[in-house]
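Some notes on the structure that comes next.
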Amino acid sequence: MSRKKLTFVIVTLMLGGLLTDVSAKTHILPDSSEANKLVVNVNQGRERISPEIYGHFAEHLGRCIYEGFWVGEDSDIPNVRGIRTDVVEALKKINIPVLRWPGGCFADEYHWKEGIGPRDKRSKMINTHWGRVTENHQFGTHEFLDLCEMLGCEAYVAGNVGSGTVEEMQDWVEYMTFDGDSEMANLRRANGREKPWRVRYFGVGNENWGCGGNMTAEYYADLYNRFQTYVRSYSGNRILKIACGPGSLNLHWMNVVMEKAARHMDAVSLHHYVRGSGNWTDKGSATRFDEKEWFVLMKNTLGVDELIAQNIQVMDKHDRRKRVAMYVDEWGTWWDAEPGTNPPFLYQQNTLRDAVSAGIFLNVFNTYCERVKMANIAQTNNVLQAMILTKGKQMIVTPTYHVFEMFKVHQGATLLPSDVFCQGYKYGREKLPSLVTSVSKDASGIVHISICNLNPNQDIKLSCMLDGLEPTKVAGRVLTAEKITDHNTFESPDVVKPTVLTGLSIEGNLIVAEIPSKSVVVLEVE
Ligand code: AHR
8 MSRKKLTFVI
18 VTLMLGGLLT
28 DVSAKTHILP
38 DSSEANKLVV
48 NVNQGRERIS
58 PEIYGHFAEH
68 LGRCIYEGFW
78 VGEDSDIPNV
88 RGIRTDVVEA
98 LKKINIPVLR
108 WPGGCFADEY
118 HWKEGIGPRD
128 KRSKMINTHW
138 GRVTENHQFG
148 THEFLDLCEM
158 LGCEAYVAGN
168 VGSGTVEEMQ
178 DWVEYMTFDG
188 DSEMANLRRA
198 NGREKPWRVR
208 YFGVGNENWG
218 CGGNMTAEYY
228 ADLYNRFQTY
238 VRSYSGNRIL
248 KIACGPGSLN
258 LHWMNVVMEK
268 AARHMDAVSL
278 HHYVRGSGNW
288 TDKGSATRFD
298 EKEWFVLMKN
308 TLGVDELIAQ
318 NIQVMDKHDR
328 RKRVAMYVDE
338 WGTWWDAEPG
348 TNPPFLYQQN
358 TLRDAVSAGI
368 FLNVFNTYCE
378 RVKMANIAQT
388 NNVLQAMILT
398 KGKQMIVTPT
408 YHVFEMFKVH
418 QGATLLPSDV
428 FCQGYKYGRE
438 KLPSLVTSVS
448 KDASGIVHIS
458 ICNLNPNQDI
468 KLSCMLDGLE
478 PTKVAGRVLT
488 AEKITDHNTF
498 ESPDVVKPTV
508 LTGLSIEGNL
518 IVAEIPSKSV
528 VVLEVE
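Below is the structure:
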């Protein structure tokens with residue numbers, strides 16, 4: 008390392024040591040300092056960022072499946088075997104790696120055998136969690152696995168523990184994945200699918216502390232051990248089993264489930280939803296908010312760092328070798344439903360605020376990629392923090408979709424250790440770091456730096472020092488907008504979309520970038 012570089016690193020690290028350490032990697036500079044810096048160790052990456060961190064979740068809820076994916080073969084909306092083409096194409100562009108289905112809360116009241124066979128003969132049920140509407144089972148196992156094949160993504164099926172039986176769960180796995188001669192495999196063939204599907208992920212229950220049966224941790228852990236026994240890997244399909252973990256901070260649940268069942272699981276889930284104000288009955292509007300609500304959302308989003316850290320500590324107690332992965336298989340923002348829509352359908356708009364929050368979440372997941380091997384934003388279409396909104400034939404993508412598109416370069420890349428030293432973003436008496444970052448190196452050696460500027464009032468000049476790389480080329484893209492409330496609508500679908508980030512320079516060993524206020528940026532460095 009050159010002398011100049013060494014001094015830079017030492018001074019920066021000393022400065023950081025004196026300051027508030029908000030998380031393992033982010034340090035707030037004193038008010039007087041504007042020397043925002045990112046220090047990256049290009050040759051010290053060890054962990055791979057699992058592509059599944061960029062995963063998605065689709066539930067039988069509101070218009071996520073019906074209208075969002077499924078329009079039926081007779082629809083005048085372009086479709087392939089009933090699945091809408093525009094949505095599939097949009098999701099392929101973000102390299103969707105995995106899709107979780109059929110719930111959510113719906114999973115623990117779903118009886119899969121009602122969703123197979125000729126569609127006109129399928130029975131009906133009440134979707135009790137989500138508006139008590141009629142579920143007609145037009146979209147079932149065949150349609151879901153067909154969709155995953157169209158998307159080229161892994162399937163994550165969530166099984167029913169709350170109201171299901173062990174036999175039903177065992178049969179489902181056999182139906183989907185067994186290649187030989189058995190009642191279930193033959194039933195699949197009779198329903199038109201000769202070859203088994205690949206099903207990589209199988210969840211044994213969902214939120215069983217709540218909508219999935221209101222169980223105690225002890226009771227669930229025993230049930231998990233029993234149910235999972237019959238979730239078999241057949242015919243070369245190695246199925247990974249996921250236990251239900253806590254929703255937000257419930258370390259007791261994590262502790263008990265890990266203690267009693269860790270040896271029978273490949274992963275344990277964690278759910279985390281964030282909002283900008285109020286409580287569950289007054290979550291705030293998705294589009295009408297002020298800086299206070301912006302700030303609270305940023306603060307709540309940053310809380311995921313500590314939440315993951317605390318849960319990992321508990322996991323480490325029971326699994327020192329870190330064999331069991333953490334899957335954050337539901338996360339995102341949760342606002343009051345859009346006025347004029349059915350509240351239990353959870354349809355919400357999606358602004359620049361949601362995009363910056365998503366960028367923070369993804370940066371944090373990247374930094375924990377040693378344990379966090381999957382994350383699934385809730386939900387893909389028309390529900391909560393959606394990628395895609397549809398209205399009849401129309402389809403638009405949200406600011407959050409653009410973050411997934413920009414961050415896809417991290418999928419499968421190696422996480423690089425980094426420290427960011429940045430100004431604080433102050434609101435009232437509170438202070439957050441202005442910047443949240445993560446850095447990776449892909450297979451061809453290109454380094455990607457993703458940066459969120461949480462501060463809605465101030466652009467930030469950032470110097471990046473990449474120890475181990477003499478940069479020769481840098482390019483960048485930015486997602487921002489004029490107002491914090493800006494969003495895309497069916498009338499104006501491109502209000503928030505990525506553009507080229509100008510003004511980048513290479514100054515000796517440093518890359519210097521002006522990161523606009525309230526933005527998400529991805530830099531590409533060679
Ligand atoms: O994503 C909506 C709901 O949130 C899911 O059904 C449930 O698992 C969680 O509480």
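Under this note's numbering, think of the first position of the sequence shown as 8, with each following residue one higher. Glycine included, each C-beta is placed from N, C-alpha and C at the ideal position.
Where Asn193 sits in the DSSP three-state scheme: Residue state, collapsed to three classes: helix.
Would the beta-carbon of Leu68 fall within 8 Å of that of Gly111? Against a cut-off of 8 Å, the Cβ pair of Gly111 and Leu68 comes out as a contact.
Starting from Gln401, trace the beta strand (DSSP E) both ways and give me its first and last residue. Where Gln401 is concerned, the enclosing beta strand (DSSP E) stretches over Gln401 to Val404.
State the Cα-Cα distance for the pair Glu142 and Leu194, rounded to the nearest angstrom. Looking at the two C-alpha atoms, the distance is approximately 23 Å.
Between Ala65 and Thr387, how many whole angstroms is the CB-CB distance? I'm expecting something under 8 Å. Contact flag correct, Cβ pair sits at about 5 Å.
For Lys306 and Glu514, the rounded distance between their alpha carbons: Cα to Cα, the separation comes out at about 33 Å.
Looking at the ligand AHR, does it come within less than 7 Å of Ala293, judged from the CB to the closest heavy atom? Ala293 Cβ: outside cutoff for every heavy atom of the ligand AHR.
Do you know how far the Cα of Ile458 is from the Cα of Val502? Val502 and Ile458: Cα-Cα distance of roughly 21 Å.
Touching or not, the region 223–230 and the region 185–202, by the rule of three or more beta carbon pairs under 8 Å? Cβ pair count under 8 Å is below three, so no.
First and last residue of the uninterrupted beta strand (DSSP E) at Leu106: Bounds of the beta strand (DSSP E) holding Leu106 are Val105 to Trp108.
Could you check if Lys299 is buried or exposed, using at least 16 other CB atoms within 10 Å of its CB as the buried criterion? Burial check for Lys299: the Cβ neighbour count within 10 Å stays below 16, so the residue is exposed.
Kindly indicate which three-state DSSP category His325 falls into: helix, strand or coil? His325: helix per DSSP, three-state reduction.
In terms of alpha-carbon separation, which member of Phe209, Asp361 and Val443 lies closest to Arg282? Sorting Phe209, Asp361 and Val443 by C-alpha distance to the C-alpha of Arg282 places Asp361 at the top.
Cβ-Cβ separation, Cys71 to Val390 (assumed contact under 8 Å), whole Å: Rounded, the Cβ-Cβ distance is 4 Å, consistent with contact.
I'd like to confirm the pairing. Which residues does DSSP put opposite Val532 in its beta bridges? Beta-bridge partners assigned by DSSP to Val532: Val454 and Val481.
Consider the C-beta atom of Gln386 and the heavy atoms of the ligand AHR; say whether any pair is separated by less than 7 Å. Gln386 Cβ: within cutoff of the ligand AHR.
Taking the alpha helix (DSSP H) that Asp449 belongs to, which residues open and close that run? Counting along the chain, Asp449 falls outside any alpha helix (DSSP H), and DSSP gives it neither H nor E.
Range covered by the alpha helix (DSSP H) that runs through Asn516: Bounds of any alpha helix (DSSP H) do not take in Asn516, whose DSSP letter is neither H nor E.
For Pro253, does the three-state DSSP call read helix, strand or coil? Of the three classes helix, strand and coil, the one that applies to Pro253 here is coil, per DSSP.
What do you reckon, is the C-beta of Glu337 under 7 Å from a heavy atom of the ligand AHR? Yes, Cβ of Glu337 sits closer than 7 Å to a heavy atom of the ligand AHR.
Inter-residue spacing [alpha-carbon to alpha-carbon] between Lys504 and Ser526: Straight-line Cα distance between these residues: approximately 11 Å.
Determine the contact status of Met265 and Lys248, defining contact as a CB-CB distance below 8 Å. No, Cβ-Cβ distance for Met265 and Lys248 is not below 8 Å.
Helix or strand or just coil, what does DSSP make of Lys438? For Lys438, the secondary structure class from DSSP, reduced to helix, strand or coil, is strand.
Give a single yes or no on whether Asn278 has its beta carbon closer than 7 Å to a heavy atom of the ligand AHR. According to the sequence as given, residue 278 is His; it is not Asn. Closer than 7 Å to some heavy atom of the ligand AHR: that describes the Cβ of His278.
Suppose the cutoff is 8 Å on Cβ atoms and the five residues either side in sequence are ignored; what does the same chain contact list for Val49 look like? The beta carbon of Val49 sits closer than 8 Å to those of Leu423, Lys448, Val454, Leu473, Asp474, Gly475 and Leu476, all from its chain and outside the five residues before and after it, given in chain order.
Closer than 8 Å is the cut-off here; do at least three beta carbon pairs connect the region 195–204 with the region 178–185? Judged by Cβ distances under 8 Å, the region 195–204 makes contact with the region 178–185, as three or more pairs qualify.
Using 10 angstroms around the beta-carbon of Ser499, count the other beta-carbons present and answer buried if the total reaches 16, otherwise exposed. Around the Cβ of Ser499, a 10 Å sphere holds fewer than 16 other Cβ atoms; the residue is exposed.
Please name the residue, chosen from Ile522, Met157, Gly217 and Asn221, that lies closest to Thr444 on a Cα-to-Cα basis. Distances from the alpha-carbon of Thr444 to those of Ile522, Met157, Gly217 and Asn221 put Ile522 closest.
Would you decide whether Met222 is buried or exposed? Buried here means 16 or more other CB atoms lie within 10 Å of its CB. The residue is buried, with at least 16 neighbouring Cβ atoms inside 10 Å.
Give the secondary structure of Lys306 by DSSP, where H, G and I count as helix, E and B as strand, and everything else as coil. Annotated three-state conformation of Lys306 is helix, per DSSP.
Any heavy atom of the ligand AHR closer than 7 Å to the CB of Gly212? False, no ligand heavy atom lies under 7 Å from that Cβ.
Assign Val275 to one of three DSSP states: helix, strand, or coil. Three-state DSSP puts Val275 in a strand.
Quick check on DSSP: helix, strand or coil for Val95? Looking at Val95 - three-state DSSP - the assignment turns out to be helix.
Determine the burial state of Thr308: buried for a count of at least 16 other Cβ atoms within 10 Å of its Cβ, exposed for fewer. Residue environment analysis places Thr308 among the buried positions, since at least 16 neighbouring C-beta atoms fall within 10 angstroms of its C-beta.
Provide the residue(s) that pair with His63 in DSSP beta bridges, ordered along the chain. Beta-bridge partners assigned by DSSP to His63: Leu106 and Ile384.
Looking at the ligand HEM, does it come within less than 7 Å of Leu508, judged from the CB to the closest heavy atom? Absence of the ligand HEM from the depicted structure is noted, with the ligand AHR being the only ligands included.
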